[in-house]
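In our numbering, the protein residues as written are 107 to 530.
As structure tokens, this is what we get:
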């Protein structure tokens, strides 16, 4: 009975019902599209303030970058490099595999309201050139960015605000506390919105099957499968090579963290195991100061699996809507994603908000596809959370090695000793 009340079960049930309606009564199913439009408008309503709070928290939460020294600088360099590689991996995989090709999501699916204003900055780039685009990034005043729901202008103000908050030190703590409180309220509202996700999913799936046919479901399945494969490759190959260079075995490290990874698998949340992860990394000989800086900062700045998702999802939606993105647009999208993804951990449904904010630079893509991705977000959330946790654990080892504070032999012995009693 408790399982039936879970949001995951309701999402699955709504998806199945949408498929049945799409097959049995296509015309009626297509008429349910306003349900998905309503859900999208609720998401759009929260987008600007939520992105502002998430980015400010991510920048301010990393601490005063002037005082964290070499460890903080090296960690940030690593974070940006790895999330950039992850984004590129998602983009390249989508370009090669074309998971959204042939879905034919038309531009008339674009809902009215706030979502229709996302493309003003991109329009400035097309019509006024690079300088016009840069000038448009700066709002006339902060309130106008929120009023017009211009996410890129909100981002610029959030970056400046977060940097100023970090530099203010103790005097900025009341403002930081206020931002944290507002973010908490917005996350609670997001929780309420996500509770009606089954209704939006029902409308989206029913409309998709009724309007586009069963083939569209197969393409969503391809998207999910491709994402799981990409995350697995990133962990096994990318992170595995980094660990090997540090003198640590990937599989023994995964086995050592198996209990924490099982919790992440069950909850699809990386926040649930933060204290345990930090304790286990310290227990195998990684300096406490490295763990204490890299892991909390990585939870905001080093979201590798989310970056793969953003790169893959943007091109998937472009292909589904028949929009050809130039390399300049792709670079603009990935650059935006590098900023919008900061601080987006541990909040149910926030990946859709971050994706919608990223799509602000490509107004040609109709955002109705976002609801289709909500239908599978709980499935891909498993790989996303696991990939993010592994990325941050490996980042701690890499930074410790970079600092010359990692005794690889001692770490291997600690891993063997920790795993041996359980293996017998």
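Virtual Cβ for every residue (Gly too), placed ideally from N, Cα, C.
The region 307-323 makes contact with the region 114-134: 3 or more CB pairs, one atom from each, lie closer than 8 Å.
Here DSSP, grouped into helix, strand and coil, assigns residue 435 to helix.
Straight-line measurement puts the Cα of residue 148 at about 23 Å from the Cα of residue 263.
Each residue's CA atom was taken as its position, placing residue 434 and residue 504 some 32 Å apart. Buried is the label assigned to residue 366, since at least 16 other Cβ atoms lie within 10 Å of its Cβ. Taking the Cβ atoms as the reference, residue 279 lies roughly 29 Å from residue 509, outside the contact range of under 8 Å. Taken through DSSP and simplified to helix, strand or coil, residue 320 comes out as coil.
Non-local C-beta neighbours of residue 467 in its own chain, meaning closer than 6 Å and more than five positions away in sequence, comprise 228, 438, 439, 442, ordered along the chain. Closest in C-alpha terms to residue 465, from the list 395, 354, 444, comes 444. The residues 413, 414, 416, 417, 440, 443, 444, in chain order, have a CB closer than 8 Å to that of residue 193 in the same chain once the five nearest residues on each side in sequence are set aside. In the DSSP assignment, residue 134 falls within the alpha helix (DSSP H) that extends over 132-136. Between the beta-carbon of residue 190 and that of residue 340 there is about 13 Å, and that puts the pair past the 8 Å contact cut.
Secondary structure note for residue 413: its alpha helix (DSSP H) is the uninterrupted segment 410-426. In this structure, residue 518 sits near residue 354, with a CB-CB distance shorter than 9 Å.
With respect to residue 424, residue 206 sits close: the two C-beta atoms are nearer than 9 Å.
Membership of residue 360 in the alpha helix (DSSP H) is indicated by the continuous run 356-362.
The beta carbon of residue 391 lies closer than 7 Å to those of 513, 516, 517, 520 in the same chain, with the five residues before and after it left out. Judged by pairs of C-beta atoms under 8 Å, the region 136-147 does not touch the region 324-336, as fewer than three such pairs exist.
For residue 252, the enclosing alpha helix (DSSP H) stretches over residues 248-253.
Within the same chain, and ignoring the five residues on either side of residue 387 in sequence, the residues whose Cβ sits closer than 6 Å to its Cβ are 397, 502. The Cβ atoms of residue 260 and residue 252 lie closer than 9 Å to each other. Here the alpha carbon of residue 250 sits roughly 23 Å from the alpha carbon of residue 166. Taken atom to atom, the span from the alpha-carbon of residue 507 to that of residue 158 is near 34 Å. Classified as buried, residue 242 has 16 or more neighbouring CB atoms from the shown chains inside 10 Å of its CB. In this chain, residue 340 is not harboured by any alpha helix (DSSP H), its DSSP state being neither H nor E. Residue 163 and residue 285 have their C-alpha atoms spaced approximately 8 Å apart. Of the residues assessed, residue 485 falls on the buried side of the cut-off, its CB having 16 or more other CB atoms within 10 angstroms. It is roughly 14 Å from the alpha-carbon of residue 460 to the alpha-carbon of residue 292. Take residue 196, set aside five residues on each side of it, and the residues of its chain with a beta-carbon closer than 6 Å to its own are 414, 417, 418, in chain order. The criterion of a C-beta distance shorter than 9 Å is satisfied by residue 499 and residue 359.
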